[in-house]
Amino acid sequence: MAKICKVLAEEDAIINKKLPKELLLRIFSYLDVISLCRCAQVSKQWNILALDGSNWQRIDLFNFQTDVEGVVVENIAKRCGGFLKKLSLRGCQSVEDAALKTFAQNCNHIEELNLNDCKKITDSTCQNLSKYCPKLVYLDVGSCSNITDVSLKAIGDGCPNIEHLNISWCEQVSTAGVEAVARGCPKLKAFICKGCTLLSDEAVRELTQFCPDLQVINLLGCNSISDESVQHISQRCPKVHYLNLSNCGHLTDASLVALGQGCHYLR
Numbered sequence: 001m002a003k004i005c006k007v008l009a010e011e012d013a014i015i016n017k018k019l020p021k022e023l024l025l026r027i028f029s030y031l032d033v034i035s036l037c038r039c040a041q042v043s044k045q046w047n048i049l050a051l052d053g054s055n056w057q058r059i060d061l062f063n064f065q066t067d068v069e070g071v072v073v074e075n076i077a078k079r080c081g082g083f084l085k086k087l088s089l090r091g092c093q094s095v096e097d098a099a100l101k102t103f104a105q106n107c108n109h110i111e112e113l114n115l116n117d118c119k120k121i122t123d124s125t126c127q128n129l130s131k132y133c134p135k136l137v138y139l140d141v142g143s144c145s146n147i148t149d150v151s152l153k154a155i156g157d158g159c160p161n162i163e164h165l166n167i168s169w170c171e172q173v174s175t176a177g178v179e180a181v182a183r184g185c186p187k188l189k190a191f192i193c194k195g196c197t198l199l200s201d202e203a204v205r206e207l208t209q210f211c212p213d214l215q216v217i218n219l220l221g222c223n224s225i226s227d228e229s230v231q232h233i234s235q236r237c238p239k240v241h242y243l244n245l246s247n248c249g250h251l252t253d254a255s256l257v258a259l260g261q262g263c264h265y266l267r
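The UniProt record's numbering numbers the first residue of the sequence shown as 1 and each following residue consecutively.
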């Protein structure tokens, strides 16, 4: 055992001496969260390299969702804030607004954030994202039942670069919130609002008027919309290639005619 440890120590020394830090960091950048944590236990030098913020630009904690609490998010934000661009907390139901406030304050370069099924977050989180995270491009707050129009108005005010927004099953969201997003986020390309039963034709009208680059629209279960919404999509959003209208019970053959006339890229 002593000989094995000696060999490993010598090999470690060779690696550390022969490869420059920049190359080692580049290699570490391809590792996932678990692998980085294991590397951090090899030696003091590897600990420094593995925990370097540049290796934590993209973090997905879905596999640890039952163990992730607010303090984990806060520690990640403080250590990696200047580097972090993509974070998924999908299913992390213990995470609350306080932790995400710390996150927003420290992670100003965040571009993609997945909070799907983080049931404890409220409008406060979106207000902080609006205040501190102007580079946000992708936001998923699906199944966050406490989200209301206040969140969408905040996003419209402070996150003009949003291209992908998922508010599915946020049942308190209404037409007013969607209008605010449409006017404030003209770059929107994907809008997913499954189960948002309070949305009306007016919401779709505003969305299509101010977001002509929409390519993905999912209105599954938005049973208040009618053929008028489909006509707006057909006339104003020629780039749409995915459209879900399942369980929209007020639609008629007029919608199919409109789609045939205007949405030539549907798949």
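No residue lacks a Cβ here, since even glycine has one placed at the ideal position from N, Cα and C.
Just so we're clear, the structure is a prediction, and the values are computed from it rather than from any experiment.
DSSP places residue 60 inside the beta strand (DSSP E), whose first and last residues are 58-60.
In its chain, beyond the 5 residues on either side, 234, 240 have a beta carbon closer than 6 Å to the beta carbon of residue 263.
Within the model, the alpha-carbon separation for residue 23 versus residue 49 is close to 11 Å. Within the region 116-143, the complete beta strand (DSSP E) segments at least 3 residues long are 138-140, listed from N- to C-terminus. Within 10 angstroms of the beta-carbon of residue 151 lie 16 or more other beta-carbons, which makes it buried. Secondary structure at residue 194: coil, using DSSP grouped into helix, strand and coil. According to the DSSP secondary-structure assignment, residue 110 is paired through a beta bridge with no residue. Comparing C-alpha distances from residue 190 to each of 168, 184, 164 shows the shortest one belongs to 164. Closest option to residue 131, judged by alpha-carbon separation, among 146, 108, 195: 108.
Here residue 110 is buried: its Cβ has 16 or more other Cβ atoms, across all protein chains shown, within 10 Å.
The bridge partners DSSP lists for residue 239 come to none. In this structure, 122 is the residue among 122, 246, 20, 238 with its C-alpha nearest to the C-alpha of residue 171. DSSP lists no beta-bridge partner residue for residue 43. By the beta-carbon neighbour count (other beta carbons within 10 angstroms, threshold 16), residue 69 is exposed. For residue 86, the uninterrupted beta strand (DSSP E) segment begins and ends at 86-88.
Counting the other CB atoms within 10 Å of its CB gives residue 162 a total of 16 or more, which places it among the buried residues. Distance check between residue 180 and each of 105, 209, 114, 77 places 209 closest, using alpha-carbon atoms only.
Contact annotation: residue 193 and residue 223 have beta-carbon atoms that are not nearer than 9 Å. When the alpha-carbon of residue 167 is set against those of 160, 159, 195, 158, the nearest one is in 195.
Here residue 174 is buried, its C-beta having at least 16 other C-beta atoms within 10 Å.
DSSP lists 139, 191 as the bridge partner or partners of residue 165.
Here residue 77 is buried. Its C-beta has 16 or more other C-beta atoms within 10 Å. For residue 231 and residue 220, the gap between their C-alpha atoms comes out near 17 Å.
For residue 27, the secondary structure class from DSSP, reduced to helix, strand or coil, is helix.
The residue among 28, 249, 213, 178 with its C-alpha nearest the C-alpha of residue 204 is 178.
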